[in-house]
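Comments concern the structure below.
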Amino acid sequence: MHRLRRIAAYGLCRDDTGRVLLVRASSRSQHPGRWFLPGGGVEHGEHPADTAVREIEEETGLRVAVERVREVVTDVDVLPDALRHQDRLVFDCLVIGGTLRNEPGGSTDHAEWVAPERLAALPLMPYVARVLGLPGSQLGRSNGLEHSAGVGAHGDHAAVPERFQRFAAYGLVTDPDGRVLLTLIAEGFPGAGRWHLPGGGTDFGEDAADGLRREVVEETGQQARITDLLTVSHRRHNTAFGPEGVPIDWHGVRVVFRAVVDHPTPARVIEARGGSTAEAVWLAPGRALGLPLTEVAHEMIASHLR
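Numbering-wise (this note's numbering), the sequence shown opens with residue 1199 and increments by one.
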């Protein structure tokens, strides 16, 4: 059975009375009659926040502004011939204009402001129930870089550029003394010789927070406790090189969590030799800013100091 991956972005919009903006899946969708937050798949090279704005207007007619990333939810759909892992980014959004309307003929056929007391009676998608305070998400496990068009990681590589999307989780990790945890990118990997936040790509079926905790153990030997979701960013490399030196058009989407190691030990790399991490270290934030850092590491540490 094929394993597919998809990154999607949605908006959680509330009005002055506490009603939630929802859309209902049409009969032509994979989940007819179920209720979703408005949103959809992240296009190649698109920032997830822009996806949420675009999809909300397409599905509801309303224009919104994104306030912050609220949550990331992972689930796995069982399709007729595949398992599909979805990383769903949910943003808090504010409606700034437009008129509520329906768009017949698409994957959704109805948009509505739903009062809180009605939510429990609706057939909500599991990720919607979770975001609104109810349980819901299925998890499995696997690995690797997945093709953005739905080809599994173990497919044949063509000799021409391909397009890939990769979802990753990183952490601004500190200890009780205020030190930050950093990892050195090994030779042969993008950004080699620069210091980075611990983290990396999530496995198939793996929740983003679980993926970060696993990566922190593998790269630094620490047990991290996640406290908050800080931000989401993206980066596109259209001349990158993937497995076996094959050129790819690569689009990475990454979430950054805030995390704490309550009982730190000397940082050490424990993943298998040949991995992407050459060294790990605890440093005071001010000292860390004097190192050659990746862009996201510098931004997060500087923001932490401010």
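Just so it is clear, CB atoms sit at the ideal spot from N, CA and C, and this is done for glycine as well.
Treat the numbers as computed from the prediction; the structure is a model and nothing was measured.
For residue i, count neighbouring Cβ atoms within 10 angstroms of its own Cβ and tell me buried if that reaches 16, exposed if not.
i, result
"Ser1346", "For Ser1346, the predicted structure reports a pLDDT of 34, less than 50, and the residue's modelled location is therefore unreliable. The matter cannot be settled from this model."
"Glu1315", "exposed"
"Thr1418", "buried"
"Asp1214", "exposed"
"Gln1228", "exposed"
"Ala1465", "buried"
"Val1371", "buried"
"Glu1257", "buried"
"Leu1277", "exposed"
"Asp1385", "Inspection of the sequence shows that residue 1385 is occupied by Glu rather than by Asp. Exposed: under 16 other Cβ atoms inside 10 Å."
"Ala1186", "Shown here, the chain extends from 1199 to 1504; a query on residue 1186 therefore has no answer."
"Phe1362", "buried"
"Glu1265", "exposed"
CB residue i to CB residue j, shorter than 8 Å?
i, j, result
"Phe1455", "His1283", "no"
"Phe1289", "Val1312", "no"
"Ala1407", "Ile1424", "yes"
"Leu1481", "Arg1377", "yes"
"Pro1236", "Asp1373", "no"
"Arg1204", "Gly1239", "yes"
"Asp1447", "Glu1360", "yes"
"Pro1324", "Trp1233", "no"
"Trp1393", "Leu1317", "no"
"Val1459", "Leu1379", "yes"
"Pro1246", "His1432", "yes"
"Gly1216", "Val1262", "no"
Straight-line CA distance for residue i to residue j?
i, j, result
"Val1494", "Leu1395", "8 Å"
"Val1270", "Gly1391", "30 Å"
"Arg1250", "Cys1291", "Rather than Arg, the amino acid found at residue 1250 in this sequence is Ala. Rounded to the nearest angstrom, the two C-alpha atoms are 9 Å apart."
"Gly1399", "Arg1411", "12 Å"
"Arg1452", "Leu1427", "11 Å"
"Gly1397", "Gly1409", "8 Å"
"Gly1369", "Ala1457", "6 Å"
"Gly1338", "Val1479", "With a pLDDT of 36 at Gly1338, under the threshold of 50, the modelled position of that residue is not reliable, and no figure is offered here."
"Leu1298", "Pro1483", "47 Å"
"Leu1219", "Ala1206", "17 Å"
"Val1467", "Ala1327", "38 Å"
"Leu1260", "Arg1222", "16 Å"
"His1496", "Leu1503", "11 Å"
"Glu1477", "Gln1421", "17 Å"
"Ser1305", "Ser1224", "5 Å"
Return helix, strand or coil for residue i, following the three-state DSSP convention.
i, result
"Glu1265", "strand"
"Thr1463", "coil"
"His1229", "coil"
"Ser1474", "coil"
"His1394", "strand"
"Gly1386", "coil"
"Leu1320", "coil"
"His1426", "At residue 1426 the sequence reads Asp, which differs from the His that was named. Strand."
"Glu1360", "strand"
Who does residue i pair with in a DSSP beta bridge?
i, result
"Tyr1325", "DSSP, once it has assigned bridges, lists no residue as partnering Tyr1325."
"Leu1370", "Arg1456"
"Asp1408", "Beta-bridge pairing links Asp1408 to no other residue."
"Gln1284", "Arg1204 and Asp1273"
"Gly1304", "In DSSP, Gly1304 forms no bridge with anything."
"Ala1309", "Val1221"
"Asp1290", "Leu1210 and Arg1266"
"Val1451", "Phe1365 and His1432"
"Phe1234", "Val1221"
"Leu1491", "Trp1393"
"Leu1481", "Val1378"
"Gly1295", "Arg1261"
Cβ of residue i versus every heavy atom of the ligand ATP: is any distance shorter than 7 Å?
i, result
"Gly1419", "No copy of the ligand ATP appears in this structure; indeed no ligand is present at all."
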